[in-house]
Amino acid sequence: MRGAKLKYSKILTKELLKRLYWDELMSHSEIAEKLGVYPGIVSRYMKRLNIKTRTFEEGNKIKQPKFSKILTKELLRRLYCEVELTTREIAERMGATVSTVCRYMKKRGIKSRTPSEAKRGKRHPMYGKHPSRETKRKKSIVQMGERNSFYGKNHSEETKRRISEATAGENNANWRGGTSNLPYNYDWRTTSEIIRKRDDHVCQYCGSNGNCVHHIDGHQQHDDHWNLITLCNYCNSKEQYNRHNWLPYFYCIVKDPPPLDVLSDAMGVDITNSARVSGECQ
Ligand SMILES: [Zn+2]
Numbered sequence: 074m075r076g077a078k079l080k081y082s083k084i085l086t087k088e089l090l091k092r093l094y095w096d097e098l099m100s101h102s103e104i105a106e107k108l109g110v111y112p113g114i115v116s117r118y119m120k121r122l123n124i125k126t127r128t129f130e131e132g133n134k135i136k137q138p139k140f141s142k143i144l145t146k147e148l149l150r151r152l153y154c155e156v157e158l159t160t161r162e163i164a165e166r167m168g169a170t171v172s173t174v175c176r177y178m179k180k181r182g183i184k185s186r187t188p189s190e191a192k193r194g195k196r197h198p199m200y201g202k203h204p205s206r207e208t209k210r211k212k213s214i215v216q217m218g219e220r221n222s223f224y225g226k227n228h229s230e231e232t233k234r235r236i237s238e239a240t241a242g243e244n245n246a247n248w249r250g251g252t253s254n255l256p257y258n259y260d261w262r263t264t265s266e267i268i269r270k271r272d273d274h275v276c277q278y279c280g281s282n283g284n285c286v287h288h289i290d291g292h293q294q295h296d297d298h299w300n301l302i303t304l305c306n307y308c309n310s311k312e313q314y315n316r317h318n319w320l321p322y323f324y325c326i327v328k329d330p331p332p333l334d335v336l337s338d339a340m341g342v343d344i345t346n347s348a349r350v351s352g353e354c355q
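Throughout the sequence shown, residue numbering follows the numbering used here, covering 74 to 355 in sequence.
In structure tokens, the structure reads:
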């Protein structure tokens, strides 16, 4: 303890403190930071060495003109709107408090981001992260049934109509150029029965009982056996979204293997000359 005290008294001399506090107009905490000591120790030594502290008004006079010169509209706009720093980050860079930065933003007429804007893109807490299957499952359980915020509520007819209009036809994320309106081939019943038998009435994805025969490339009239696969109801409905991700996978597991050029297209890799890949897929 004694050693520590001696050390401080060597560092915190009256001359140095006076110079920093009265000539360079630094605050207690700024001096503390500069000298690598606690702010409380600076205050204590100032008192002990009879160094007069600034009155509240004197302090304000020093601070206010300083930030009003630094935090110009141009600078704030650049840091906040272009570089997209947060008010906290600006405050840290400028040596100000967050509330000072916010006050000047308001004064300069810079609109702050709404909570949803503040979480967009790289600023989103989940940006670049991918929750595991287990996490997704837990999240879904938490929102099930009565716990769901929409539980027991219904959309009004007007809302339903608007949702339906906004996601109909070409506005739909899964729009594939109107192919879903095409009729099935006349012998679809026979073909689909052959495929079900080939796959033992088992969903080729999850292994449960399955009776849906699915066109892997999404074209109802494309009845090559390598383009058809048996799925259960659940997997079939899942597949309707993210078709592009499923397509290469299904081509790899379907019992009648597709031609190599089709597989190459689906996987985005030319494998027409490599026999190795067909072995990997099975
Ligand atoms: Zn399934």
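Ideal placement from N, C-alpha and C gives every residue a C-beta, glycine not left out. Keep in mind it's a predicted model, so treat the numbers as computed, not measured.
{"Item": "Boundaries (first-last residue) of the beta strand (DSSP E) holding CYS285", "Value": "285 to 288"}
{"Item": "Sequence-distant residues of its chain with Cβ nearer than 8 Å to LEU149 (five each side left out)", "Value": "ILE163, VAL174, TYR177, MET178, ARG181 and ILE183"}
{"Item": "Proximity test, CYS308 beta-carbon vs ligand 1 heavy atom, cut-off 8 Å", "Value": "yes"}
{"Item": "Terminal residues of the beta strand (DSSP E) in which ILE364 lies", "Value": "Shown here, the chain extends from 74 to 355; a query on residue 364 therefore has no answer."}
{"Item": "Same chain only: Cβ atoms within 6 Å of ASN116, ignoring 5 sequence neighbours per side", "Value": "Rather than Asn, the amino acid found at residue 116 in this sequence is Ser. Counting only Cβ-Cβ distances below 6 Å, and skipping sequence neighbours, we find HIS101."}
{"Item": "Between the CA atoms of GLU97 and TYR118 - distance to the nearest angstrom", "Value": "18 Å"}
{"Item": "Contact with chain C by GLY225, beta-carbon distance below 9 Å", "Value": "The chain labelled as chain C is not found in the depicted structure, where only one protein chain is given."}
{"Item": "Segment contact flag, the region 281 to 299 with the region 225 to 235, C-beta cutoff 8 Å, min 3 pairs", "Value": "no"}
{"Item": "Neighbourhood of ARG271 by C-beta, 7 Å cutoff - its chain only, sequence neighbours within 5 removed", "Value": "LYS328"}
{"Item": "Sub-9 Å separation of TYR94 and THR145 beta-carbons", "Value": "no"}
{"Item": "Close-in-space but distant-in-sequence residues of the same chain around SER265 (CB under 8 Å, 5 per side omitted)", "Value": "VAL286 and LEU301"}
{"Item": "beta-carbon TYR278 near ligand 1 non-hydrogen atom, thresh 8 Å", "Value": "yes"}
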